[in-house]
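Peer 1: Sequences listed follow chains A and Y, in order. For the first sequence, the working numbering assigns the number -15 to the initial residue and increments by one for each residue that follows. For the second sequence, the working numbering assigns the number 13 to the initial residue and increments by one for each residue that follows. Below is a structure I'd like to ask you about.
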Amino acid sequence: MYKRILLATDGSEHSLRSAEHAIHLATGSEGTIDVVFVIDGDTSKKDVLHHANKFEIDRRRREKISPVEARLEEAGVDYNVSMLHGEPGPEIVKFANDGEYDLAIVGSRGLNQLQTLVLGSVSHKVAKRVECPVMIIK
Amino acid sequence: MLARLKQEWFGNVRGDVLAGIVVALALIPEAIAFSIIAGVDPMVGLYASFCIAVVIAFIGGRPGMISGATGAMALLMVTLVAEEGLEYLLAATILTGILQILFGVFKLATIMKFVPRSVMIGFVNALAILIFMSQIEQFHGAGWMMYALVGLALAIIYIVPRFIKSIPSPLIAIVVITSLAIYMGFDVKTVGDLGSLTRELPIFLIPDIPLTFETLQIIFPYALALSMVGLLESLLTASIVDDMTDSESDKNKESRGQGIANVTTGFFGGMAGCAMIGQSVINVKSGGNGRLSSLVAGIFLMFLIIALGPVVVQIPMAALVGVMIMVSIGTFDWSSVRYIHKVPKSDAAVMLTTVVTVVVTHDLSKGVLAGVVLSAIFFAAKISKVTVTEQMDEVSHKMRYFVNGQIFFASVTDLQTKLTPQDSTLEVVEIDFSQAHLWDDSAVGALDKIEGKFAQNGTTVIFTGLNDDSQALKDRMRALSNASGH
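The following block contains the structure:
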């Protein structure tokens, strides 16, 4: 049923819970998980300012989602990681609609509380505009 | 080649045109405010933003990046403008461009990697503080109305984006406050009080200065500082845009482009400028990533000034101050404050030194220099640590020393104190360098001295484990000193 699952993550404690659900569904139907992590403009600015080069920036970002990756390794699920650049909502929507997914999983809140308040939540945008079924983890 | 050029120009027409318009709207208040900081007419900053944005669209190395009159550059010009006047500024702008072109031609963009991140963080923080401080001056002798209007501007800037996202909120703040001031007849200082605005396209002029060595002596230090600061901010911005768009750019081409843009600007009556971090982020976020976005931004900016000139002079300073406070808050790297206790102490010291030097001297280039020098000292101190472990071979009555570290001018004293002969009955000592590297003639000299000291006690020294590089250096220096008869 769920052969191709898209898992949006920001490396937060909360997004680990989304990962648990993704793992459960993927193992149930021998599916694969595509992990996506979106880097927005302000994060780009901060990361470029703080880290010496591309290599270092990539390493730090990979480190951020390492708890999720560790969980996926442990569960023995087939997975891929994609780093996207832009606004989280639209980028996830585009990525989800370009690939053929059976399910997209997103958390209801992420790292940035303030942003959720100002811009409205990413999960809301994803639920509205992604064509495949969407699971929002509360 | 042609396909790539087509992609860079017309790969994203809709996004580029819309983003270019948004950027033009956001550029106007900044260009005016930076002119006021530099102490020149608003037209000088507006012409600069127009010329630079248009020229860079064609020859820049980073499509999607926005350049124009900037705060970092404006702050460097203050003294020159106050003491020598506008014509000297224009000449300095042209010289700045020439230096930047040379920088690009000799492919020096890679030396930017030697500017540590702590210095760059100090740079943006100092810039933010200076922009903020220059706004405080506008409150001098102003009544409560000024405070109220600045407060209103900031409220609009930060609250409106929750509801309206398509129009930049600083522009809404400016429109609201200008209309308020005009219709209610507030008696507040306006842009027109600080300089005139001509509704004309810039024209080509050669700066009216004596072409003497003395002129060069006056403008060269400014041009050097401007060119360095301009490139530093431009290449940092280029890297940010690279990351945002997940693509690469040619930093040397960008350096040449910045140079050509500044030469052009100087001849058309604009002040020196560079890439703008904030505007570039706005551009990419608004959907711009091609060369067209910068061209549209420049042309639309000029169009607005010609069409709306009489209104622009009526913008109250309070509205501009509000926008500039927002710019300074956006420029400041807040994460560096949050994590200052977590980063290594030496990094924090370099960052703070950069900031303090800039705030005291009002010169970003001096801050960068101080930061780079301090971090170089820290680096030398860190790398000059040498450890020596001893091992006595009882059977052959031979002492073995193991040296670990980098042997160069800063570490030789340490090495010599750690390798002083203690037991005069030893016939042979072995000094193992397999975990060390000799870097310069001081290192070779130190080896000679150590050998000499042991020899006074009748001890023979054997150096072992030198790697190929170190051995070659040692042989070369020995040959040299033998040849010169020492």
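The beta carbon of each residue, even a glycine, is placed where N, CA and C say it ideally should be.
Whole angstroms is fine: what's the gap from Y/V380's alpha carbon to Y/G134's?
Peer 2: So the two alpha carbons sit approximately 8 Å from each other.
Peer 1: What first and last residue would you give for the beta strand (DSSP E) that runs through Y/G417?
Peer 2: Run containing Y/G417: K410 to I419, per the beta strand (DSSP E) assignment.
Peer 1: Chain Y beta carbons: is any one of them nearer than 8 Å to that of A/A3?
Peer 2: Taking Cβ atoms only, chain Y never reaches closer than 8 Å to A/A3, which makes this a no.
Peer 1: Using the beta-carbon of each residue, which ones in chain A are nearer than 8 Å to Y/R129?
Peer 2: What Y/R129 touches in chain A: L33, H34, H35 and A36.
Peer 1: Consult DSSP for A/R1 and reduce its assignment to one of helix, strand or coil.
Peer 2: Correct three-state label for A/R1: helix.
Peer 1: Okay, do the stretch 300 to 319 of chain Y and the stretch 280 to 289 of chain Y touch, 3+ Cβ pairs below 8 Å being the bar?
Peer 2: Result no; under three Cβ-Cβ pairs closer than 8 Å.
Peer 1: Would a C-beta distance cut-off of 8 Å place Y/V441 and Y/T471 closer than the cut-off?
Peer 2: Their beta carbons are under 8 Å apart, which means Y/V441 touches Y/T471 by this criterion.
Peer 1: DSSP state of Y/S493, grouped into three classes?
Peer 2: Residue state, collapsed to three classes: helix.
Peer 1: Distance, Cα to Cα, Y/T227 vs Y/V188?
Peer 2: Those two C-alpha atoms are separated by around 45 Å.
Peer 1: Taking Y/L30 and Y/L313 to be in contact with their CB atoms under 8 Å, please state how far apart those CB atoms are, rounded to whole angstroms.
Peer 2: 15 Å between Cβ atoms; not a contact.
Peer 1: Report yes or no: is there a C-beta of chain A within less than 8 Å of the C-beta of Y/K378?
Peer 2: With 8 Å as the cut-off, Y/K378 does not count as an interface residue toward chain A.
Peer 1: Between the C-alpha atoms of A/G12 and Y/A81, what's the straight-line distance to the nearest angstrom?
Peer 2: Answer to the nearest angstrom: the Cα atoms are 59 Å apart.
Peer 1: Among the residues of its own chain, which have a CB less than 7 Å from the CB of A/C116, if the five just before and after it don't count?
Peer 2: Correct list, in chain order: A80, Y85, D86, L87 and A88.
Peer 1: Could you tell me which whole alpha helix (DSSP H) segments of length 4 or greater appear in the stretch 202 to 234 of chain Y?
Peer 2: As far as the stretch 202 to 234 of chain Y is concerned, its whole alpha helix (DSSP H) runs of at least 4 residues are 203 to 206.
Peer 1: Give a yes or no on whether the minimum CB-CB distance between Y/D258 and chain A is below 8 Å.
Peer 2: It does: the Cβ of Y/D258 has a partner Cβ on chain A nearer than 8 Å.
Peer 1: Can you tell me the Cα-Cα spacing of Y/V93 and Y/Y100, whole angstroms?
Peer 2: Rounded to the nearest angstrom, the two C-alpha atoms are 7 Å apart.
Peer 1: What do you get for Y/L217, buried or exposed, if any count of 16 or more other CB atoms within 10 angstroms of its CB means buried?
Peer 2: The residue is exposed, with fewer than 16 neighbouring Cβ atoms inside 10 Å.
Peer 1: Within the continuous beta strand (DSSP E) that includes Y/A5, where are the two ends?
Peer 2: There is simply no residue 5 of chain Y to check, as chain Y begins at 13 and stops at 498 in what is shown.
Peer 1: What residues in the stretch 3 to 33 of chain A bring their beta carbon closer than 8 Å to a beta carbon of chain Y?
Peer 2: Listed by position along the chain: I23, G25, D26, S28, K29, K30, D31, V32 and L33.
Peer 1: Quick check on this structure: which residue in A/M119, A/I121, A/R113 and A/V20 has the alpha carbon closest to the alpha carbon of A/N64?
Peer 2: For A/N64, the nearest C-alpha among the options comes from A/V20.
Peer 1: Find the residues of chain Y that neighbour A/H69, judging by a C-beta separation of less than 8 Å, and give them in chain order.
Peer 2: The answer, in chain order, is D255, M256, T257 and D258.
Peer 1: Taking 8 Å as the CB-CB limit, is Y/I252 close to chain A?
Peer 2: With 8 Å as the cut-off, Y/I252 counts as an interface residue toward chain A.
Peer 1: Following the continuous beta strand (DSSP E) through Y/Q150, name the residue where it begins and the one where it ends.
Peer 2: Looking at the DSSP string, Y/Q150 is not in any beta strand (DSSP E), and its letter there is neither H nor E.
Peer 1: Hey, quick one: how far does the beta strand (DSSP E) through Y/I530 stretch, first residue to last?
Peer 2: Because chain Y in this structure spans residues 13 to 498, residue 530 of chain Y falls outside the shown range and cannot be described.
Peer 1: Do the stretch 259 to 277 of chain Y and the stretch 71 to 80 of chain Y meet, that is, are 3 or more Cβ pairs less than 8 Å apart?
Peer 2: The answer is yes - the stretch 71 to 80 of chain Y touches the stretch 259 to 277 of chain Y, with three or more Cβ pairs under 8 Å.
Peer 1: Quick check: Y/V362 and Y/S387, are their CB atoms within less than 8 Å of each other?
Peer 2: Cβ distance < 8 Å, so Y/V362 and Y/S387 count as in contact.
Peer 1: With DSSP collapsed to three states, give me the class of A/V102.
Peer 2: In this prediction, A/V102 has a pLDDT of 48, which is less than 50 and means its spatial position is unreliable; what the coordinates show is noted afterwards. It is helical.
Peer 1: With respect to the beta strand (DSSP E) encompassing A/A88, which residues constitute its N-terminal and C-terminal limits?
Peer 2: Its beta strand (DSSP E) spans residues L87 to G91.
Peer 1: Measure the alpha-carbon distance for Y/T249 versus Y/S292 and round it to whole angstroms.
Peer 2: Their Cα atoms are separated by approximately 7 Å.
Peer 1: With 16 as the cutoff for other CB atoms within 10 Å, does A/Y(-14) come out buried or exposed?
Peer 2: Classification of A/Y(-14): buried, given that the 10 Å Cβ count is 16 or more.
Peer 1: Against A/I41, what residues of chain Y qualify as contacts under a CB-to-CB distance less than 9 Å, listed in chain order?
Peer 2: Within 9 Å Cβ-Cβ: D255.
Peer 1: How about Y/K4: is its C-beta nearer than 8 Å to some C-beta of chain A?
Peer 2: Residue 4 of chain Y cannot be examined here, being either before or after the span of chain Y that is shown, 13 to 498.
Peer 1: Could you tell me which uninterrupted alpha helix (DSSP H) segments, each at least 4 residues in length, are contained entirely in the stretch 332 to 363 of chain Y, listed from first to last along the chain?
Peer 2: Listed in chain order, the complete alpha helix (DSSP H) runs (minimum 4 residues) inside the stretch 332 to 363 of chain Y are 346 to 350.
Peer 1: Output yes if chain A places a C-beta closer than 8 Å to the C-beta of Y/D28; else output no.
Peer 2: Chain A, which has no Cβ nearer than 8 Å to the Cβ of Y/D28, makes this no.
Peer 1: Tell me where the alpha helix (DSSP H) around Y/N274 begins and ends.
Peer 2: Where Y/N274 is concerned, the enclosing alpha helix (DSSP H) stretches over K263 to F279.
Peer 1: Are the CB atoms of A/K30 and Y/D481 nearer to each other than 8 Å?
Peer 2: Their beta carbons are not under 8 Å apart, which means A/K30 does not touch Y/D481 by this criterion.
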